[in-house]
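The next block holds one structure in the form of structure tokens; read it before the comments.
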Amino acid sequence: MTTRGARALQSILAAAAMVVAAFQLVSQTGAAELAKPQRIVSVNLCTDQILVELAPRGRIAAVTNLATDPLSTPVPEAAAGLPITDGTAESVLAFDPDLVLVTPFTSPATVSLLQRLGRRVVTIPLAQDFAGIRVAIQAIALAIGDMAAGEALVTQFDAALRVTEARVRATVGSAPRAAVYQVNNYVAGTSGIVDEALRRAGFSNHAAAYGIGFGRQVSLEEIVTAPPDVLVLSSGPNDYATTVADNLRHPMLQRMAARMPSVVIPWSLWLCGTQHIVRAVQMLVEARLQLVRGRAP
Numbered sequence: 093m094t095t096r097g098a099r100a101l102q103s104i105l106a107a108a109a110m111v112v113a114a115f116q117l118v119s120q121t122g123a124a125e126l127a128k129p130q131r132i133v134s135v136n137l138c139t140d141q142i143l144v145e146l147a148p149r150g151r152i153a154a155v156t157n158l159a160t161d162p163l164s165t166p167v168p169e170a171a172a173g174l175p176i177t178d179g180t181a182e183s184v185l186a187f188d189p190d191l192v193l194v195t196p197f198t199s200p201a202t203v204s205l206l207q208r209l210g211r212r213v214v215t216i217p218l219a220q221d222f223a224g225i226r227v228a229i230q231a232i233a234l235a236i237g238d239m240a241a242g243e244a245l246v247t248q249f250d251a252a253l254r255v256t257e258a259r260v261r262a263t264v265g266s267a268p269r270a271a272v273y274q275v276n277n278y279v280a281g282t283s284g285i286v287d288e289a290l291r292r293a294g295f296s297n298h299a300a301a302y303g304i305g306f307g308r309q310v311s312l313e314e315i316v317t318a319p320p321d322v323l324v325l326s327s328g329p330n331d332y333a334t335t336v337a338d339n340l341r342h343p344m345l346q347r348m349a350a351r352m353p354s355v356v357i358p359w360s361l362w363l364c365g366t367q368h369i370v371r372a373v374q375m376l377v378e379a380r381l382q383l384v385r386g387r388a389p
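Per our numbering, the sequence shown starts with residue 93, numbered consecutively.
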């Protein structure tokens, strides 16, 4: 199958997934229109980021501790002052929620206990592509009983994306090769939402040169041997004071970043598949435009 054919198939599968997700959500809620819950608890950073933009603060009973961490979310101020849950059943129940937003990665034991105790639990699919972002937004909007807010956020997301992609189409030139390099020597692969962000910004994903499909660790030696046109760093060298981020402080990486185009796109923008990834695409587009014009990003 050709690359174009594979991507077309992925689009079809994504559309099918959207339909399935919609039916599943309706079955979980019982109806598309429900009384609006007033004590909503989110137990995942990715649902936090969408919830705080869709629901009034007065209806949010708790979010995760990462919702206010500026290295994990681009909008920590949106959750500032909200109560915090650690995601355990005991912690969630302490807020007496009438809606709990979970993900497929939430502990099954936690979900089961909450449901047995009569709490309304809705599983929100984690976006693996841009189509999935729309699904996640609409899923949360449906769960909280405010489809209008969800539609407005999706419209805003799509409008920003159209403007950004128009800048790409207006630029003459080939697609520069970009590698997204993260803490612990991790390089994002050619599958998933990071790859789509690169392509929408007019780049090709250099992960293909390393034979990476779903992402893996890549040594600095490999990157030096087969360098990309642009090195995209997801964090600054001093963002994380931990040994797993030592690779970002390595002298070899510092020398490489000094002699080749590089740009830092905060990981908080695309750690989760949410509306905030548009900002990452915008920053990537700006880096590409500067590269095309002959200037380092």
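Think of the CB as a built atom: it goes at the ideal place given N, C-alpha and C, for glycine as much as any other residue.
Rounding to the nearest angstrom, what Cα-Cα distance links residue i and residue j in this structure?
i	j	result
P168	D161	6 Å
T391	E145	Because residue 391 is not part of the residues shown, which for the chain are 93 to 389, the question remains open.
M142	Q367	First, the residue type needs correcting, since residue 142 is Ile and not Met in the sequence shown. Roughly 8 Å between the two C-alpha positions.
L206	D140	19 Å
V272	L290	9 Å
R96	V373	At R96 the pLDDT is 43, less than 50, meaning the model places this residue with poor confidence and gives no usable figure here.
E313	M348	11 Å
Q309	G210	43 Å
A186	G328	38 Å
E243	Q230	7 Å
G307	A280	4 Å
L340	Q346	8 Å
V192	A252	30 Å
V322	S354	5 Å
A350	M344	10 Å
Look up residue i in the DSSP assignment and say whether it is helix, strand or coil.
i	result
V370	helix
N339	helix
Y273	strand
R131	coil
V310	coil
N157	helix
S204	helix
V304	Note that residue 304 corresponds to Ile in the displayed sequence, not to Val. In the structure shown, I304 sits in coil (DSSP, three-state: anything other than H, G, I, E or B).
T180	coil
S296	strand
R96	Low local confidence applies: a pLDDT of 43 at R96 is under 50, so the model's placement there is unreliable, and no value is given.
V279	strand
CB-CB under 6 Å to residue i, same chain, minus the five flanking residues each way: which ones, in chain order?
i	result
A219	I225, A228 and G365
R371	L361
A337	V275
T156	L137 and D140
M375	I357
Heavy atom of the ligand COA less than 6 Å from the Cβ of residue i, yes or no?
i	result
T335	Inclusion of the ligand COA in the displayed structure is not the case, the ligand content being empty and no account of it being possible.
On the criterion of 16 or more Cβ atoms from any shown chain inside 10 Å, does residue i qualify as buried, or is it exposed?
i	result
P358	buried
P196	exposed
A172	exposed
H298	buried
Would you give the residue range spanned by the alpha helix (DSSP H) that residue i belongs to?
i	result
V286	I285 to R292
L245	M239 to R261
R226	F222 to I236
V144	L137 to L146
P168	P168 to A171
Residues in the same chain with beta-carbon distance under 7 Å from residue i, minus the five sequence neighbours each way, listed in chain order, please.
i	result
V377	T256, R259, V260, A293 and G294
L163	D331 and S360
G305	G281, T282 and S283
Span of the beta strand (DSSP E) holding residue i?
i	result
V324	V322 to L325
S354	S354 to V356
V192	L191 to V194
V214	V213 to T215
Just to confirm my understanding: we take residue i, look at its own chain, exclude 5 residues before and 5 after, and list those with CB closer than 8 Å. What are they?
i	result
S296	A267, P268, R269, A270 and L290
A127	G237
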